[in-house]
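Read the structure below first, then the notes.
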C-alpha cells in the first residue's frame, strides 16, 4: 500500500470526510422527496503496467440514482506511481522525475428536474517534485436562474475572501477560461472558480492552501443543497426536458474532449467507471 506522509494523510482524510458529508446531505434531499435512494460504493485498485494489486493505491466510486439526483457520482481516490515519460512532460514538476502521488475528491451531479442545475466540484492534492493543491466548483444549469447563479458565486466569493482581495476574481476568470467549449463557442455553464498549482513549498504554504481548499469544499456543501431544494419541485415541460438533454450533450463533449481530470485518470490507470461517472445518464444531439 502507499505510504503517506503527514501532509498526504491530512489531505486524504479531509477529502474522504467531505465525501461522507456530501453524500449524507444528498441522501437527505432524496429522503425529503420521498425517495429511498442511497449511494452505492465500489472500491477499486489502480491498474497500470508493472503495478501489483493495491500497490498503486486506488479509490472508492460512489454513485446514486434517485428521484432528485438522476445520477450523481462522488469519488475519492489516493494513488501513486510513475507517469509515462510522454505524459510526465505535461505535469507540473514531473518532467525530470515521473513519480507522483495524488489524492482528491471529484463530484458531478446530473439532476432529474431541468430547473435544478447540474454541478461539478473537484479538489485535489498532488505531489511530484513539487506539491500543490488544485480544484474548484462550477454550476451548470440547463435553465439558468440569476438567483441561483448569484448565490453560488456569492458563497464561493465568501470562501475565497480570507485568502486575498483578488483571489475570487482570479479564480472565477480561470473557471470562465477553462470551462469553455471552443468548438461550440459556448461556456459549459455559468461558472464558479477554478485553481491549480497552489504550491506548498513549506508547511505554512501547505496550511494556507489546504485551508483554501477546505473552504471551497465547505462552500459547496453549504450552497448547492440550498439551490437544489429551491428548484427540485418546480414543474417542467417536455420541451424543457428536451432542452436539458441537448445541453447535457454539450457537457459530455467538454468532459470527453477537454477535461484535464478525465485525461489524468485515463493516463494513470484509474478506474474507467469512476473516470466516466461525469457523463450524464441520458443526452441528445441534434
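Numbering (this note's numbering), first residue to last: 1 to 286.
Every residue, glycine too, gets a C-beta built ideally from N, C-alpha and C.
Bounding residues of the alpha helix (DSSP H) (the contiguous stretch that carries residue i)
i: residue 17; result: 6 to 32
i: residue 113; result: Counting along the chain, residue 113 falls outside any alpha helix (DSSP H), and DSSP gives it neither H nor E.
i: residue 146; result: 146 to 160
i: residue 86; result: 85 to 88
i: residue 70; result: Not the alpha helix (DSSP H): residue 70 falls in the beta strand (DSSP E), residues 69 to 82.
i: residue 274; result: 272 to 275
Residue i - DSSP class collapsed to helix/strand/coil
i: residue 38; result: coil
i: residue 217; result: helix
i: residue 258; result: coil
i: residue 177; result: helix
i: residue 264; result: helix
i: residue 235; result: coil
Residue interval of the beta strand (DSSP E) (run including residue i)
i: residue 118; result: 118 to 127
i: residue 137; result: 131 to 140
i: residue 194; result: 191 to 199
i: residue 64; result: 57 to 64
Contact under 8 Å by Cβ, residue i with residue j
i: residue 93; j: residue 130; result: yes
i: residue 33; j: residue 68; result: yes
i: residue 62; j: residue 136; result: no
i: residue 250; j: residue 181; result: yes
i: residue 190; j: residue 128; result: no
i: residue 90; j: residue 66; result: no
i: residue 86; j: residue 269; result: no
i: residue 271; j: residue 59; result: yes
For residue j and residue i, believed in contact at Cβ under 8 Å, the rounded distance
i: residue 104; j: residue 163; result: Not confirmed; about 19 Å, so no contact.
i: residue 100; j: residue 83; result: 6 Å
i: residue 79; j: residue 57; result: 4 Å
i: residue 210; j: residue 11; result: 7 Å
Short CB-CB distance (under 8 Å) between residue i and chain B
i: residue 235; result: Checking the listed chains, one finds no chain B in this structure; it contains a single protein chain.
Query raised in the report: Three or more beta-carbon pairs under 8 Å between the region 211 to 222 and the region 155 to 166, yes or no?
Result: yes
Query raised in the report: Does the region 134 to 143 come within contact of the region 109 to 120, defined as at least 3 CB pairs closer than 8 Å?
Result: yes
Query - the region 17 to 37 touching the region 235 to 250, judged by at least three CB pairs closer than 8 Å - result: no
Query raised in the report: Just checking, does the region 68 to 85 make contact with the region 271 to 284 on the three C-beta pairs under 8 Å criterion?
Result: yes
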